[in-house]
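K.L.:
This structure is in structure tokens; I'll ask about it shortly.
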Amino acid sequence: MMPPKPTPRPDRVSLLQYMRLFRADILSAQPARLYRAWMAEFRTPFFRSYLCNDPALIDLVLKARPDDFPKSNRIREGLTPLLGNSVFVTNGEVWKRQRRIIDPAFEGGRLRDTLPAIWAAGEAAVARLSPGVTEIEEQTSHAAADVIFRTLFSIPIDHAIATKVFHEFRAYQRTQPILNLAAFLPLPRWFPRLHRHATLRAAKTIRSLITQLTEARADEIRSGTAPDDLATKIMQTADPQTGARFDTAEMVDQVAIFFLAGHETSASALAWALYLLALNPKAQDRVATEAATLPDSPDFAALSQLKFTRDVFRETLRLYPPVPMMVRENQCPETLRGRTVAPGAQIVLSPWHLHRHARLWENPDAFDPDRWSRDANKACAREAYIPFSAGPRVCTGAGFAMVEGTLLLAQLIRRFRFETIPGDVPVPVAHLTVRAKTGIRLHISRRA
Ligand code: HEM
65 MMPPKPTPRP
75 DRVSLLQYMR
85 LFRADILSAQ
95 PARLYRAWMA
105 EFRTPFFRSY
115 LCNDPALIDL
125 VLKARPDDFP
135 KSNRIREGLT
145 PLLGNSVFVT
155 NGEVWKRQRR
165 IIDPAFEGGR
175 LRDTLPAIWA
185 AGEAAVARLS
195 PGVTEIEEQT
205 SHAAADVIFR
215 TLFSIPIDHA
225 IATKVFHEFR
235 AYQRTQPILN
245 LAAFLPLPRW
255 FPRLHRHATL
265 RAAKTIRSLI
275 TQLTEARADE
285 IRSGTAPDDL
295 ATKIMQTADP
305 QTGARFDTAE
315 MVDQVAIFFL
325 AGHETSASAL
335 AWALYLLALN
345 PKAQDRVATE
355 AATLPDSPDF
365 AALSQLKFTR
375 DVFRETLRLY
385 PPVPMMVREN
395 QCPETLRGRT
405 VAPGAQIVLS
415 PWHLHRHARL
425 WENPDAFDPD
435 RWSRDANKAC
445 AREAYIPFSA
455 GPRVCTGAGF
465 AMVEGTLLLA
475 QLIRRFRFET
485 IPGDVPVPVA
495 HLTVRAKTGI
505 RLHISRRA
């Protein structure tokens with residue numbers, strides 16, 4: 065059975081209709097031709113935007129000249145109350161310095177150290193599940209938040225502050241999703257983007273909770289009692305160029321983005337992966353067989369045995385990329401596929417369309433994890449697959465997320481069988497990440 069895909073809009077709609085559709089969902093606001101086009105221009109009264117699917121353009125924007133295509137300020141405005149000056153929103157020298165301090169914590173060797181914490185979160189997720197019908201996004205959100213707290217601060221999600229952050233964050237998202245779209249909506253710069261009172265309050269609460277955790281950690285580092293987790297690693301890393309470390313305020317900004325970028329995205333991917341496996345029982349059995357080989361505290365070698373499970377997670381990120389679109393702004397005049405693009409245009413890269421592009425992928429809408437082991441797909445995988453973005457601004461957590469996704473999937477499938485509920489088909493919509501419009505319900509039973 066084909067995995068669900070949103071119904072595209074008609075080719076021509078008025079600006080007002082477009083804005084309405086956009087508010088509802090970015091994915092169904094787009095026309096079907098984007099699954100075949102190399103580039104599409106959108107004209108609004110205030111600016112132009114160009115959606116690029118041509119692998120050569122994606123290479124140009126993300127890898128060849130990324131400094132000429134910085135992050136759009138529109139995104140920044142929407143997220144500032146929560147994220148401050150975090151690495152996700154900064155540009156130029158500030159961003160480069162932040163990456164020099166953060167990146168080492170996520171390198172291969174250090175990633176290895178996070179395995180026991182990820183495993184423990186996976187086992188806790190297994191313990192929370194029980195047979196019957198379950199809304200699975202709720203479960204994966206809980207699990208992904210648990211992973212972040214355990215790996216970053218060595219505390220489980222049941223820790224009082226962690227629980228509070230998790231709940232405040234949900235409140236924040238309930239008030240925020242529409243406003244966040246202001247970042248993409250064709251509104252002029254001078255248009256006031258008022259943050260709702262509730263959004264500001266939630267952002268403030270989250271930041272004050274994260275500040276408590278960060279300050280406590282700074283004290284532990286000073287007294288030599290800090291656990292060796294991601295927070296300690298990042299706070300102890302000095303910028304190799306200036307010798308400076310993050311102060312508490314700047315660290316709080318980074319913790320906020322690790323939490324936001326790291327838990328929403330993984331939760332979305334894990335939920336869709338479980339749905340896809342429920343839709344494809346044979347693939348699920350193959351994952352179960354592989355997962356049965358896992359020892360009780362796996363190392364990287366055991367993880368590397370989970371080849372098919374990893375391909376299932378990859379294929380999920382292709383069909384349901386948690387970050388469906390990214391926006392950049394060109395600084396200089398550009399010629400893109402023969403069209404002149406004035407500075408200040410919005411350059412939209414869409415993993416969602418690229419990953420399902422009819423001229424790039426074989427059977428693009430089908431769930432086929434084995435495509436990842438076929439040689440014929442190598443070029444496509446390299447050029448037309450960007451769930452974590454690419455180039456210097458690639459997701460810092462990409463390696464981490466692949467380990468987390470593969471491991472949690474194996475842990476869950478090892479213990480439970482997941483089945484779809486007839487007639488209950490989730491509809492993908494994109495707000496902050498790609499989620500199901502009314503959740504994903506699956507029937508769960510224990511495996512013998
Ligand atoms: C399946 C899970 C994940 C997906 C699909 C994902 C995807 C992405 C994408 C597409 C970007 C680039 C956004 C843009 O340029 O506009 C990004 C950036 C980022 N991600 Fe992830 N991410 C995931 C998990 C994580 C995790 C686990 C962490 C941290 C613990 C993380 C931390 C970040 C950070 C800090 C950035 C900003 C990097 C920069 O701008 O320099 N992500 N992620």
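For the sequence shown, my numbering gives the first residue as 65, with consecutive numbering after it.
We put the CB at the ideal spot given by N, CA and C, even for glycine.
Any idea if Val197 is buried or exposed, counting beta-carbon neighbours within 10 angstroms, 16 or more meaning buried?
P.N.:
It is exposed - the Cβ of Val197 has fewer than 16 other Cβ atoms within 10 Å.
K.L.:
How would you write the range of the beta strand (DSSP E) that Cys116 sits in, first residue to last?
P.N.:
From DSSP, the beta strand (DSSP E) with Cys116 extends over 112-116.
K.L.:
Assign Arg214 to one of three DSSP states: helix, strand, or coil.
P.N.:
Note: Arg214 maps to helix in three-state DSSP.
K.L.:
Determine whether the Cβ of Ala308 lies closer than 9 Å to any Cβ atom of chain B.
P.N.:
Here chain B cannot be found, since the structure has a single protein chain.
K.L.:
Just verifying my parser: in three-state terms, what is the DSSP assignment at Ala430?
P.N.:
Three-state result, Ala430: coil.
K.L.:
In chain order, what residues of the same chain lie with their CB nearer than 6 Å to the CB of Ile477, ignoring the 5 residues before and after it?
P.N.:
Excluding residues within five positions, the ones whose Cβ falls inside 6 Å are Val351, Ala352, Ala355.
K.L.:
Taking only runs that begin and end inside the region 137-186, name each unbroken beta strand (DSSP E) of 3 or more residues, in chain order.
P.N.:
Here no run is fully enclosed.
K.L.:
Return yes when at least one heavy atom of the ligand HEM lies under 8 Å from the C-beta of Lys297, else no.
P.N.:
No, the beta carbon of Lys297 sits no closer than 8 Å to any heavy atom of the ligand HEM.
K.L.:
Taking only the alpha-carbon atoms, compute the straight-line gap between Ala226 and Phe480 and give it to the nearest angstrom.
P.N.:
Cα to Cα, the separation comes out at about 27 Å.
K.L.:
Cα separation between Ala188 and Arg271?
P.N.:
Going by the C-alpha atoms only, they are around 26 Å apart.
K.L.:
Just to confirm, is the Cβ distance from Ile219 to Phe310 under 9 Å?
P.N.:
Not closer than 9 Å, so no.
K.L.:
Flag Glu468 as yes when its Cβ comes closer than 8 Å to any non-hydrogen atom of the ligand HEM, and as no otherwise.
P.N.:
Yes, since a heavy atom of the ligand HEM falls inside the 8 Å radius drawn around the Cβ of Glu468.
K.L.:
Classify Phe106 as helix, strand or coil using the three-state DSSP reduction.
P.N.:
If DSSP states are grouped into helix, strand and coil, Phe106 belongs with the strands.
K.L.:
Please confirm whether any heavy atom of the ligand HEM lies closer than 8 Å to the CB of Ile315.
P.N.:
A small fix is needed here, since residue 315 is Met in this sequence, not Ile. Met315: no, Cβ never under 8 Å from the ligand HEM.
K.L.:
By the 10 Å Cβ neighbour count, where 16 or more other Cβ atoms means buried, how is Gln348 classified, buried or exposed?
P.N.:
The residue in question, Gln348, is buried, as its Cβ has 16 or more Cβ neighbours within 10 Å.
K.L.:
Any heavy atom of the ligand HEM inside 8 Å of the beta-carbon of Pro451?
P.N.:
The answer is yes for Pro451.
K.L.:
Taking the C-alpha atoms as reference points, what is the distance between Phe482 and Leu381?
P.N.:
Approximately 19 Å, taken between the alpha carbons.
K.L.:
Determine the direct distance from the alpha carbon of Arg234 to that of Pro63, and round the result to whole angstroms.
P.N.:
Look at the range of the chain in this structure, 65 to 512, and you will see that residue 63 is not part of it.
K.L.:
Looking only at its chain, what residues have a beta carbon closer than 6 Å to the beta carbon of Arg253, apart from the 5 residues adjacent to it on each side?
P.N.:
Annotation note: pLDDT 49 at Arg253 (below 50); position unreliable, no value reported.
K.L.:
Which value, in whole angstroms, describes the spacing of the CA atoms of Phe255 and Arg392?
P.N.:
Any reading at Phe255 must be qualified, since the residue scores a pLDDT of 49, below 50, and its modelled position is unreliable; no value is offered.
K.L.:
Sort out for me which residues DSSP pairs Gly196 with in a bridge.
P.N.:
DSSP, once it has assigned bridges, lists Ile508 as partnering Gly196.
K.L.:
For Asn427, is the classification buried or exposed, using 16 other Cβ atoms within 10 angstroms of its Cβ as the cut-off for buried?
P.N.:
Counting Cβ neighbours within 10 Å, Asn427 comes out exposed, since fewer than 16 surround it.
K.L.:
Please report the distance separating the alpha-carbon of Phe530 from that of Leu193.
P.N.:
Past the edges of the chain, shown from 65 to 512, lies residue 530, and the structure says nothing about it.
K.L.:
Please go through the same chain and pick out, in chain order, the residues whose beta-carbon is closer than 6 Å to the beta-carbon of Phe106, but skip the five residues on each side of it.
P.N.:
Hits under 6 Å: Ser113.
K.L.:
Can you find the residues in the same chain that come closer than 7 Å, C-beta to C-beta, to Asn344, ignoring five residues on each side of it along the sequence?
P.N.:
Excluding positions up to five away in sequence, the list reads Phe431.
K.L.:
How long is the line joining the alpha carbons of Thr108 and Arg76, rounded to whole angstroms?
P.N.:
C-alpha separation (whole angstroms): 13 Å.
K.L.:
If you measure from the CB of Gly402, is any heavy atom of the ligand HEM nearer than 8 Å?
P.N.:
For the ligand HEM, not one heavy atom lies less than 8 Å from the Cβ of Gly402.
K.L.:
Could you check how far apart the C-beta atoms of Phe377 and Gly469 are, in whole angstroms? I think they sit under 8 Å.
P.N.:
Phe377 to Gly469, Cβ: 4 Å. Contact.
K.L.:
Terminal residues of the continuous beta strand (DSSP E) containing Met299?
P.N.:
No beta strand (DSSP E) contains Met299, which is instead part of the alpha helix (DSSP H) from 294-300.
K.L.:
From the DSSP output, which residues share a beta bridge with Thr399?
P.N.:
Looking at the DSSP assignment, Thr399 forms a beta bridge with Thr404.
K.L.:
So what does DSSP say about Ala352, is it helix, strand or coil?
P.N.:
It is helical.
K.L.:
Could you tell me whether the region 122-130 touches the region 280-294, using the rule of 3 or more Cβ pairs below 8 Å?
P.N.:
Verdict: no, contact absent.
K.L.:
Quick one: what's Lys135 bridged to in DSSP?
P.N.:
DSSP output for Lys135 lists Arg392 as bridge partner(s).
K.L.:
Using only the alpha-carbon positions, how far apart do Ala246 and Lys135 sit?
P.N.:
Bear in mind that a pLDDT of 46 at Ala246, under 50, signals an unreliable position, so the number given afterwards is only what the model happens to contain. The alpha-carbon atoms of Ala246 and Lys135 are separated by roughly 15 Å.
K.L.:
Measuring CA to CA, which of Phe111, Val158, Asp118 is closest to Asp131?
P.N.:
Cα-wise, what sits closest to Asp131 is Val158.
K.L.:
Per DSSP, Gln410 is paired with what?
P.N.:
The partner list for Gln410 (beta bridge, DSSP) reads Ser113, Glu393.
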